[in-house]
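> In our numbering, the protein residues as written are 1 to 275.
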(Lines of atoms letter the chains of each structure in order from A and count residues from 1; the text may use other names and numbers.)
(Lines give C-alpha, C1' and ligand atoms only; values in the text may rest on other atoms or scores of the structure.)
Protein backbone atom coordinates (compact mmCIF):
# COMPACT_ATOMS: atom_id res chain seq x y z
CA UNK A 1 0.00 0.00 0.00
CA UNK A 2 2.84 2.44 0.74
CA UNK A 3 4.30 1.64 -2.69
CA UNK A 4 1.04 2.60 -4.35
CA UNK A 5 0.66 5.78 -2.34
CA UNK A 6 4.11 7.00 -3.36
CA UNK A 7 3.20 6.72 -7.02
CA UNK A 8 -0.16 8.35 -6.35
CA UNK A 9 1.50 11.41 -4.82
CA UNK A 10 3.91 11.67 -7.74
CA UNK A 11 0.99 11.52 -10.14
CA UNK A 12 -0.92 14.46 -8.71
CA UNK A 13 0.54 16.88 -11.23
CA UNK A 14 -0.65 14.82 -14.18
CA UNK A 15 -3.05 16.57 -16.52
CA UNK A 16 -5.21 13.47 -16.84
CA UNK A 17 -6.70 14.20 -13.42
CA UNK A 18 -10.22 15.54 -13.70
CA UNK A 19 -10.97 19.23 -13.29
CA UNK A 20 -13.31 20.35 -10.49
CA UNK A 21 -14.98 22.91 -12.74
CA UNK A 22 -18.18 22.18 -14.63
CA UNK A 23 -16.90 21.83 -18.19
CA UNK A 24 -20.13 23.19 -19.63
CA UNK A 25 -20.82 26.24 -17.46
CA UNK A 26 -19.41 28.92 -19.74
CA UNK A 27 -22.19 31.22 -20.78
CA UNK A 28 -23.85 30.22 -24.08
CA UNK A 29 -21.56 27.25 -24.62
CA UNK A 30 -23.32 24.60 -26.73
CA UNK A 31 -22.06 21.28 -25.34
CA UNK A 32 -24.24 19.21 -27.65
CA UNK A 33 -22.88 20.92 -30.76
CA UNK A 34 -19.34 20.59 -29.47
CA UNK A 35 -19.87 16.85 -28.97
CA UNK A 36 -20.88 16.57 -32.63
CA UNK A 37 -17.91 18.69 -33.73
CA UNK A 38 -15.55 16.54 -31.68
CA UNK A 39 -16.96 13.37 -33.18
CA UNK A 40 -16.45 14.77 -36.68
CA UNK A 41 -12.84 15.69 -35.80
CA UNK A 42 -12.13 12.28 -34.29
CA UNK A 43 -13.60 10.45 -37.27
CA UNK A 44 -11.49 12.51 -39.66
CA UNK A 45 -8.41 11.76 -37.56
CA UNK A 46 -9.17 8.04 -37.51
CA UNK A 47 -9.74 7.99 -41.26
CA UNK A 48 -6.50 9.82 -42.06
CA UNK A 49 -4.09 8.19 -39.60
CA UNK A 50 -2.65 4.73 -39.11
CA UNK A 51 -0.81 2.80 -36.41
CA UNK A 52 2.74 1.84 -37.33
CA UNK A 53 3.29 -1.74 -36.18
CA UNK A 54 7.06 -1.28 -36.10
CA UNK A 55 7.43 1.60 -33.64
CA UNK A 56 3.87 1.89 -32.31
CA UNK A 57 3.56 5.48 -33.51
CA UNK A 58 0.53 7.10 -35.14
CA UNK A 59 1.18 8.68 -38.53
CA UNK A 60 -0.71 10.40 -41.34
CA UNK A 61 -1.68 8.02 -44.14
CA UNK A 62 0.46 8.66 -47.23
CA UNK A 63 0.84 5.31 -48.95
CA UNK A 64 -2.49 3.59 -48.53
CA UNK A 65 -1.90 2.31 -45.00
CA UNK A 66 -4.88 0.85 -43.13
CA UNK A 67 -6.72 3.69 -41.32
CA UNK A 68 -7.41 3.52 -37.64
CA UNK A 69 -11.13 3.87 -38.31
CA UNK A 70 -11.32 0.28 -39.47
CA UNK A 71 -9.71 -0.99 -36.27
CA UNK A 72 -11.39 0.94 -33.46
CA UNK A 73 -14.43 0.08 -31.38
CA UNK A 74 -16.98 2.61 -30.13
CA UNK A 75 -18.23 3.21 -26.60
CA UNK A 76 -21.40 5.30 -26.34
CA UNK A 77 -21.48 7.44 -23.19
CA UNK A 78 -24.08 9.86 -21.85
CA UNK A 79 -22.93 12.66 -19.54
CA UNK A 80 -25.16 15.54 -18.44
CA UNK A 81 -27.71 14.35 -21.01
CA UNK A 82 -25.18 14.80 -23.84
CA UNK A 83 -24.27 11.78 -25.98
CA UNK A 84 -20.57 11.15 -26.63
CA UNK A 85 -18.64 8.58 -28.59
CA UNK A 86 -15.34 7.35 -27.21
CA UNK A 87 -13.25 5.33 -29.66
CA UNK A 88 -10.73 2.75 -28.52
CA UNK A 89 -8.35 0.27 -30.11
CA UNK A 90 -7.34 -2.88 -28.25
CA UNK A 91 -3.85 -3.88 -29.35
CA UNK A 92 -3.67 -6.34 -26.45
CA UNK A 93 -6.72 -7.02 -24.29
CA UNK A 94 -4.79 -8.23 -21.22
CA UNK A 95 -5.13 -11.42 -19.21
CA UNK A 96 -6.47 -10.82 -15.70
CA UNK A 97 -9.37 -8.54 -14.77
CA UNK A 98 -10.88 -5.31 -16.06
CA UNK A 99 -11.20 -2.35 -13.68
CA UNK A 100 -14.51 -0.77 -12.78
CA UNK A 101 -14.77 3.01 -12.83
CA UNK A 102 -14.22 2.92 -9.04
CA UNK A 103 -10.88 1.09 -9.14
CA UNK A 104 -7.24 2.08 -9.60
CA UNK A 105 -4.97 1.15 -12.50
CA UNK A 106 -1.23 0.65 -12.81
CA UNK A 107 -0.37 2.27 -16.10
CA UNK A 108 2.05 3.94 -18.44
CA UNK A 109 0.74 6.36 -21.03
CA UNK A 110 1.33 9.11 -23.56
CA UNK A 111 -1.26 11.81 -24.24
CA UNK A 112 -1.44 13.77 -27.50
CA UNK A 113 -3.54 16.38 -29.25
CA UNK A 114 -4.87 15.62 -32.72
CA UNK A 115 -1.96 17.60 -34.20
CA UNK A 116 0.43 15.09 -32.54
CA UNK A 117 1.56 17.50 -29.80
CA UNK A 118 2.49 15.41 -26.74
CA UNK A 119 1.17 17.09 -23.59
CA UNK A 120 1.81 14.35 -21.02
CA UNK A 121 3.74 11.09 -20.84
CA UNK A 122 4.74 8.56 -18.20
CA UNK A 123 7.08 5.68 -18.92
CA UNK A 124 7.32 4.47 -15.31
CA UNK A 125 4.54 2.41 -13.77
CA UNK A 126 2.09 4.71 -12.00
CA UNK A 127 -1.03 3.95 -9.92
CA UNK A 128 -3.94 6.22 -10.79
CA UNK A 129 -7.49 6.16 -9.36
CA UNK A 130 -10.22 6.06 -12.00
CA UNK A 131 -12.44 8.09 -9.64
CA UNK A 132 -10.10 11.06 -10.03
CA UNK A 133 -9.23 11.15 -13.73
CA UNK A 134 -11.03 12.44 -16.81
CA UNK A 135 -14.16 10.54 -17.82
CA UNK A 136 -12.53 9.33 -21.02
CA UNK A 137 -10.09 7.38 -18.87
CA UNK A 138 -12.57 6.08 -16.31
CA UNK A 139 -14.71 4.66 -19.12
CA UNK A 140 -11.92 3.74 -21.53
CA UNK A 141 -9.83 1.61 -19.17
CA UNK A 142 -12.79 -0.68 -18.46
CA UNK A 143 -12.33 -2.13 -21.96
CA UNK A 144 -8.93 -3.59 -21.06
CA UNK A 145 -7.54 -6.13 -18.59
CA UNK A 146 -4.40 -6.15 -16.50
CA UNK A 147 -1.32 -8.28 -17.15
CA UNK A 148 0.42 -11.05 -15.24
CA UNK A 149 2.89 -10.00 -12.57
CA UNK A 150 6.20 -11.87 -12.74
CA UNK A 151 8.43 -11.84 -9.66
CA UNK A 152 12.19 -12.15 -9.97
CA UNK A 153 14.41 -13.88 -7.41
CA UNK A 154 15.67 -10.48 -6.22
CA UNK A 155 12.03 -9.44 -5.50
CA UNK A 156 11.92 -7.07 -8.45
CA UNK A 157 9.01 -7.65 -10.82
CA UNK A 158 7.59 -6.94 -14.24
CA UNK A 159 4.34 -7.55 -16.11
CA UNK A 160 3.59 -9.76 -19.10
CA UNK A 161 0.61 -9.74 -21.46
CA UNK A 162 -0.57 -6.37 -20.21
CA UNK A 163 -3.53 -4.57 -21.68
CA UNK A 164 -2.39 -2.15 -24.34
CA UNK A 165 -4.19 0.19 -26.69
CA UNK A 166 -5.40 3.61 -27.70
CA UNK A 167 -8.15 5.91 -26.45
CA UNK A 168 -9.64 8.64 -28.66
CA UNK A 169 -11.53 10.96 -26.35
CA UNK A 170 -13.95 13.82 -27.18
CA UNK A 171 -13.35 17.04 -25.26
CA UNK A 172 -16.60 16.60 -23.31
CA UNK A 173 -15.08 13.54 -21.64
CA UNK A 174 -11.78 15.36 -21.06
CA UNK A 175 -11.37 19.08 -20.25
CA UNK A 176 -14.31 20.50 -22.19
CA UNK A 177 -14.36 24.18 -23.04
CA UNK A 178 -11.89 25.09 -20.28
CA UNK A 179 -8.87 23.13 -21.44
CA UNK A 180 -6.02 22.34 -19.06
CA UNK A 181 -2.44 23.61 -18.96
CA UNK A 182 -1.15 23.11 -22.52
CA UNK A 183 -4.44 21.58 -23.71
CA UNK A 184 -6.57 24.18 -25.54
CA UNK A 185 -10.33 24.35 -24.86
CA UNK A 186 -12.54 21.91 -26.79
CA UNK A 187 -9.66 19.57 -27.62
CA UNK A 188 -10.25 15.89 -28.37
CA UNK A 189 -7.39 13.80 -26.97
CA UNK A 190 -5.49 10.68 -27.96
CA UNK A 191 -3.88 8.39 -25.38
CA UNK A 192 -1.59 5.42 -25.87
CA UNK A 193 -2.01 3.36 -22.69
CA UNK A 194 -0.96 0.18 -20.97
CA UNK A 195 -2.93 -1.53 -18.21
CA UNK A 196 -0.49 -3.51 -16.10
CA UNK A 197 -2.49 -4.17 -12.95
CA UNK A 198 -5.83 -3.40 -11.30
CA UNK A 199 -6.48 -2.56 -7.65
CA UNK A 200 -10.07 -3.28 -6.56
CA UNK A 201 -10.64 -0.15 -4.49
CA UNK A 202 -12.21 0.19 -1.06
CA UNK A 203 -11.75 3.92 -0.55
CA UNK A 204 -13.23 4.12 2.95
CA UNK A 205 -11.81 0.78 4.16
CA UNK A 206 -15.23 -0.38 5.31
CA UNK A 207 -14.84 -3.88 3.86
CA UNK A 208 -17.08 -3.23 0.87
CA UNK A 209 -15.45 -2.71 -2.52
CA UNK A 210 -16.15 0.80 -3.74
CA UNK A 211 -17.94 -0.39 -6.87
CA UNK A 212 -20.41 -2.32 -4.67
CA UNK A 213 -21.33 1.04 -3.11
CA UNK A 214 -22.78 2.14 -6.44
CA UNK A 215 -26.34 2.01 -5.09
CA UNK A 216 -28.11 3.15 -8.26
CA UNK A 217 -26.11 0.82 -10.49
CA UNK A 218 -25.03 3.41 -13.03
CA UNK A 219 -21.33 2.62 -12.71
CA UNK A 220 -20.58 5.98 -11.06
CA UNK A 221 -19.85 5.84 -7.32
CA UNK A 222 -19.66 9.63 -7.09
CA UNK A 223 -23.44 10.14 -7.07
CA UNK A 224 -24.51 7.70 -4.33
CA UNK A 225 -25.15 9.19 -0.87
CA UNK A 226 -27.49 6.95 1.16
CA UNK A 227 -27.67 9.12 4.29
CA UNK A 228 -27.62 12.49 2.51
CA UNK A 229 -24.63 13.80 4.45
CA UNK A 230 -22.85 14.95 1.27
CA UNK A 231 -20.20 12.26 1.75
CA UNK A 232 -20.55 9.73 -1.04
CA UNK A 233 -21.04 6.15 0.17
CA UNK A 234 -17.73 4.93 -1.25
CA UNK A 235 -15.97 7.51 0.98
CA UNK A 236 -18.36 7.25 3.97
CA UNK A 237 -17.35 5.02 6.89
CA UNK A 238 -20.97 5.11 8.16
CA UNK A 239 -23.21 4.88 5.10
CA UNK A 240 -26.54 5.08 6.96
CA UNK A 241 -25.39 7.55 9.64
CA UNK A 242 -26.60 5.33 12.47
CA UNK A 243 -23.46 5.86 14.55
CA UNK A 244 -22.18 2.36 13.82
CA UNK A 245 -19.32 2.07 11.32
CA UNK A 246 -20.21 0.14 8.18
CA UNK A 247 -17.34 -2.29 8.76
CA UNK A 248 -19.06 -3.41 12.01
CA UNK A 249 -22.45 -4.09 10.41
CA UNK A 250 -21.52 -7.48 8.95
CA UNK A 251 -23.24 -9.08 11.93
CA UNK A 252 -22.85 -12.70 10.82
CA UNK A 253 -19.17 -12.16 10.03
CA UNK A 254 -19.22 -13.84 6.62
CA UNK A 255 -17.72 -10.90 4.72
CA UNK A 256 -21.00 -10.12 2.94
CA UNK A 257 -22.66 -6.94 4.17
CA UNK A 258 -25.71 -7.44 1.96
CA UNK A 259 -27.15 -10.48 3.76
CA UNK A 260 -27.34 -8.85 7.22
CA UNK A 261 -30.86 -7.56 7.86
CA UNK A 262 -31.60 -7.57 11.58
CA UNK A 263 -35.13 -6.13 11.39
CA UNK A 264 -36.11 -8.08 8.26
CA UNK A 265 -37.25 -5.04 6.29
CA UNK A 266 -35.28 -5.95 3.17
CA UNK A 267 -32.61 -3.29 3.70
CA UNK A 268 -29.11 -4.46 4.74
CA UNK A 269 -28.03 -3.19 8.15
CA UNK A 270 -25.28 -1.00 6.81
CA UNK A 271 -27.83 0.96 4.76
CA UNK A 272 -30.60 0.87 7.37
CA UNK A 273 -30.51 3.54 10.07
CA UNK A 274 -33.40 1.84 11.89
CA UNK A 275 -32.38 -1.80 12.24
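All C-beta atoms, glycine included, are put in the ideal place defined by N, C-alpha and C.
Give the straight-line distance between the Cα atoms of residue 142 and residue 169, rounded to the nearest whole angstrom.
If you take the alpha carbons of residue 142 and residue 169, they lie about 14 Å apart.
> Checking the sheet assignment: what are the DSSP bridge partners for residue 127?
Residue 127 is bridged to 106.
> Considering only the alpha carbon of each residue, which of 77, 117, 265, 94 lies closest to residue 145?
Of 77, 117, 265, 94, the residue nearest in Cα terms is 94.
> Consult DSSP for residue 267 and reduce its assignment to one of helix, strand or coil.
If DSSP states are grouped into helix, strand and coil, residue 267 belongs with coil.
> Going by the CB atoms, is the gap between residue 226 and residue 218 shorter than 7 Å?
Against a cut-off of 7 Å, the Cβ pair of residue 226 and residue 218 comes out as no contact.
> Buried or exposed: residue 183, going by 16 or more other Cβ atoms within 10 Å of its Cβ?
When all chains shown are included, residue 183 counts as buried.
> Rounding to the nearest angstrom, what Cα-Cα distance links residue 271 and residue 190 in this structure?
Roughly 41 Å separates the two Cα atoms.
> Identify which residue in 207, 255, 134, 126 has its Cα closest to the Cα of residue 79.
Residue 79 has its Cα closest to that of 134, out of 207, 255, 134, 126.
> For a minimum of 3 consecutive residues, which ranges assigned as the beta strand (DSSP E) are wholly contained in the region 35-63?
Listed in chain order, the complete beta strand (DSSP E) runs (minimum 3 residues) inside the region 35-63 are 49-51, 58-60.
> My understanding is that residue 224 touches residue 232, with C-beta atoms under 8 Å, so please give their C-beta distance in whole angstroms.
The pair is a contact, with the Cβ atoms about 6 Å apart (cut-off 8 Å).
> Is it true that the CB of residue 90 sits closer than 7 Å to the CB of residue 74?
Against a cut-off of 7 Å, the Cβ pair of residue 90 and residue 74 comes out as no contact.
> Please classify residue 213: is it buried, with 16 or more other beta-carbons within 10 angstroms of its beta-carbon, or exposed?
Classification of residue 213: buried, given that the 10 Å Cβ count is 16 or more.
> Relative to the C-alpha of residue 36, which residue among 82, 99, 152, 157 is closest?
Nearest of 82, 99, 152, 157 to residue 36, Cα basis: 82.
> Here's the rule I'm using: 16 or more other beta-carbon atoms within 10 Å means buried, otherwise exposed. How should residue 56 be labelled?
By the neighbour-count rule (16 or more Cβ atoms within 10 Å), residue 56 is not buried but exposed.
> To the nearest angstrom, how far is it from the Cα of residue 45 to the Cα of residue 111?
When rounded, the distance between both Cα atoms is 15 Å.
> Mind checking residue 47: buried by the 16 CB within 10 Å criterion, or exposed?
Flag for residue 47 reads exposed.
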